[in-house]
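Asks:
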Amino acid sequence: MTNIDEAAEKKLKSRMTKIRKCNREPEEKEKFSQKFGTTFRIEFQNKNPEKLLDDISIITNPDGKVLFAEYNYMIPETEEFTTVEINEKQLKSIIEFFEDYELKLDDSD
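Following the working numbering, the numbering of the sequence shown begins with -3 at its first residue and continues without gaps.
(1) Mind checking who THR35 pairs with in its DSSP beta bridge?
(2) Spatial neighbours of ILE82 within its chain, please: CB distance less than 8 angstroms, with the 5 preceding and 5 following residues excluded, ordered by chain position.
(3) Round the Cβ separation of ASP50 and TYR69 to the nearest angstrom and send it over; I've been treating them as touching at under 8 angstroms.
(4) I need the straight-line Cα distance from PHE77 to ILE0, nearest angstrom please.
(5) Is it true that the CB of PHE28 sits closer than 8 angstroms to the CB of CYS18?
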C-alpha cells in the first residue's frame, strides 16, 4: 500500500469515528454539519459513452446555496477533457429543472 493509500485509510477511519459520534450525539451532529456543503454530479446518458461523457458538477454550502457549477465534457477515446463554467441564467434553468427532486440515501437492495 502506498503512503497516500495509508493516509486515505487513516483519514477515512477518523471521519467514520466522527460520523458515528454524531449519530449518537445530536448536538455534535448539528455542529459538525454546519462545516460542510455538498458536491454532486449530474451525469447525462449518451448513446455512445465510449465516445462522449458529459456531466454537470455542483458545489453547495451547508444551506444548499450553489457556490459553483460547471459543465464537464470528455472524449474518452482521446482523453480530451474540458470544463465550462455555468452562468447564472443556465444555473437558474438547472435549479428549476430539479426543483421537485429530493435526495434521500438508501442502501437497501
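C-beta atoms are modelled at their ideal positions from N, C-alpha and C, and glycine is treated no differently.
Replies: On the basis of the supplied data:
(1) Paired residues: ILE55.
(2) ILE52, ALA65, GLU66, TYR67 and ILE90
(3) 5 angstroms
(4) 25 angstroms
(5) A contact, by the Cβ cut-off of 8 angstroms.
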